[in-house]
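Please read the structure below before turning to the comments.
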Amino acid sequence: MIYTTEYSSEITIIRPGVERLTAVNAKAFKDEMTALIDDGSAHLIVDFKDVTFLDSSGLGALVGILKRVGNRGDLAVSGLRPDVEQMFRICRMDRVFTIYNDVETAAQTMSESL
Amino acid sequence: MLAPSLKIIVAEDDEIQQLYLCALINGLGYESVPAEDGIAALDLVRQTDAQIVITGLQMPNLDGIGLTRQIRGLDLDHYVHVIMLTGTDDNEVRNEALLAGVDDFMTKGGSTAILKTRIRTATRLINHASELADRTRVLKAYNERIQEDLRAAAAAQRQLLPKLQDDIMGFRVASAFVPSAIVSGDMFGCFALSPDKLGFYAVDVSGHGVHASLLSVAIGHLVTPEYFCTKALHNNDAPDPAAMVAELNTRFSASENDDYFTMFCGVIDKVSGRLDYCQAGYPSPFYVNQSGIAEAIGDGGFPVGMISSASYENGVHQFDVDGTLIICSDAASEAENPKCQPFGNERLRTIAETSPRIGAQDIPNKIVHALTEWRSGQPLEDDLTIVAIERKNIE
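Residue numbers (the numbering used here), protein chains in the order written: chain A, 1 to 114; chain B, 1001 to 1395.
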């Protein structure tokens, strides 16, 4: 389900490939992301540009992925739509994830810090 | 394998033909049951458990095709395999017979070998059907047992919810609890903590269904009035709901899985009207004052059991006499109509603002009805909890 793009040799951009990241597909999303991390990707940007809705299971999966990345690298998110942004805010995830307006800014900022 | 006790009804008005067939059938190890016409055969189908009928085409009273139609119209718990004896290969007659529900044909005067093969085919189909029926019966019984277990679990879960028919300490509390499946991943409680203080909480476990309900019931058992008192009130009676949430976070962060829950809890002082609350990822409740103006309470907080190092904050809000606090799980604002539009917070706010006019006790049901209408009667996809707490005048 996820689509990945190599921004550089170190940074991977991921689009979840679903409009709604919910209990229905959160586990598949997490499994695919986990496989990516276990394959060595450590600097990840999940672009939520095309995601209109994220439920508590989706958020749980995302935090699980963040824990998986751990100290090996970082995980940023970009392109949060209003409903998704509100979910992040109400759960204080804006203090856990680095959030960028768009994926280009995210990739550029991340590559400068490497 | 031949089943020796299988009954075969032989419907044939030609006596010699009938005797001949019955003898052959008995010789093959089956039990033949003769019938002189369609009506007699139909009676036998009704009265015996015979699952194979061999019938002639032309018979007085009720012919072979009529008999077949009647058999197909019966409400039997087994299938009846109909083999028709025909004199010719007349396609039109065969077509009509097939439409009536005949399964197979045999030419009159055919060999014993053919009869044997036809009956064996019928027996195989009958055995197959009865195996399927057995399997369906087993699955059905199993499913009924699961459903029964779930209903028992749901009843146990409801037992944990507070009984809210009476006012508590001068607060009127009303609620709605609507699981999306039989059991719910939601839980709430509301009880007296001390002579002056009312404690309440609402919890929504991520996900829904049986998995989420296990955790929600565990929380319901854990967060008793005693637990609430010990964890959320300091020795001097000063409320600290964030301390209780932090304690729960430590306890539930230990597991490796992605399970977590959101929570809103608070302590209301019945004398001063001071509300101390902690919001942990749960949607902001509405506080509605007596003029009917609703205000969202809290600006968020970490969910519980997600991040072990999370810290929690207390918030304070004034809860005036005749004011109402309306707590809704996210199932309300996220409920989508057939056009995939969410119900949203603004519609919830509009209903919340009617509270001073209609009274807190009617708010939960009003929201449930609005959501049912919004979803055109479709059940919710997530567990719904609504709790309305109204502060009344103390005599």
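Cβ atoms here follow ideal geometry from the backbone N, Cα and C, with glycine treated the same way.
Nearest chain B C-beta to residue i closer than 7 Å, yes or no?
| i | result |
| --- | --- |
| G64(A) | yes |
| G2(A) | It should be noted that the sequence gives Ile, not Gly, for residue 2(A). Chain B, which has no Cβ nearer than 7 Å to the Cβ of I2(A), makes this no. |
| I37(A) | no |
| A23(A) | yes |
| I14(A) | no |
| I99(A) | no |
| R89(A) | yes |
| R92(A) | yes |
When you compare the CB of residue i with every CB in chain A, is at least one pair closer than 7 Å?
| i | result |
| --- | --- |
| M1263(B) | no |
| A1003(B) | Bear in mind that a pLDDT of 49 at A1003(B), under 50, signals an unreliable position, so the model cannot answer this. |
| P1303(B) | yes |
| G1207(B) | yes |
| G1185(B) | no |
| G1029(B) | no |
| G1064(B) | no |
| G1323(B) | no |
| G1300(B) | yes |
What do you get for residue i, buried or exposed, if any count of 16 or more other CB atoms within 10 angstroms of its CB means buried?
| i | result |
| --- | --- |
| R1158(B) | exposed |
| I1358(B) | exposed |
| T1385(B) | buried |
| P1246(B) | Just to set this straight, residue 1246(B) is Ala in the shown sequence, not Pro. It counts as buried. |
| V1138(B) | exposed |
| M1001(B) | Unreliable positioning characterises M1001(B) in this predicted model, as indicated by a pLDDT of 47, which lies under 50. The coordinate reading is nonetheless provided below. Exposed, by the Cβ-count rule. |
| I1114(B) | exposed |
| M93(A) | buried |
| P1004(B) | Because P1004(B) carries a pLDDT of 49, less than 50, the predicted location of this residue cannot be relied on, and the following value inherits that uncertainty. Exposed, since its Cβ has fewer than 16 Cβ neighbours within 10 Å. |
| P1379(B) | exposed |
| S113(A) | exposed |
| Y1142(B) | exposed |
| L1074(B) | exposed |
| G1207(B) | buried |
| H43(A) | buried |
Considering residue i, what are the terminal residues of the alpha helix (DSSP H) in which it resides?
| i | result |
| --- | --- |
| T1123(B) | T1112 to L1160 |
| F88(A) | P82 to I90 |
| Q1018(B) | E1015 to G1027 |
| K30(A) | A26 to D38 |
| G1209(B) | G1209 to L1222 |
| R72(A) | Note, R72(A): premise wrong, no alpha helix (DSSP H); not H, not E. |
| G1199(B) | Element bounds for G1199(B): not the alpha helix (DSSP H) but the beta strand (DSSP E), K1197 to V1205. |
Does residue i come within less than 7 Å of chain C when only Cβ atoms are used?
| i | result |
| --- | --- |
| M1306(B) | The question asks about chain C, but that chain is absent: this structure's protein chains are A and B. |
If you reduce the DSSP assignment to three classes, tell me which class residue i lands in.
| i | result |
| --- | --- |
| I1367(B) | helix |
| G79(A) | coil |
| K49(A) | coil |
| R1046(B) | helix |
| P1285(B) | coil |
| G1056(B) | strand |
| L1099(B) | helix |
| F1264(B) | strand |
| R1357(B) | helix |
| E1390(B) | strand |
| N105(A) | Correcting the residue identity first, residue 105(A) is Thr in this sequence and not Asn. Three-state result, T105(A): helix. |
| F1252(B) | helix |
Ends of the beta strand (DSSP E) at residue i?
| i | result |
| --- | --- |
| D1276(B) | R1274 to A1280 |
| S56(A) | No beta strand (DSSP E) holds S56(A); the alpha helix (DSSP H) holding it covers S56 to V69. |
| K1231(B) | Note, K1231(B): premise wrong, no beta strand (DSSP E); alpha helix (DSSP H) at P1225 to A1232. |
| D1104(B) | D1104 to T1107 |
| A1352(B) | No beta strand (DSSP E) contains A1352(B), which is instead part of the alpha helix (DSSP H) from G1344 to A1352. |
Pull out every residue of the segment 43-72 of chain A whose Cβ sits closer than 8 Å to any Cβ of chain B, in chain order.
F53, D55, S56, S57, L59, G60, A61, V63 and G64
If contact means a Cβ-Cβ distance below 9 Å, which residues of the segment 1240-1263 of chain B contact chain A?
N1257, D1258, D1259, Y1260, F1261 and T1262
Report the residues of the segment 1276-1288 of chain B with a CB closer than 9 Å to any CB of chain A, ordered along the chain.
Q1279, A1280, G1281, Y1282, P1283 and S1284
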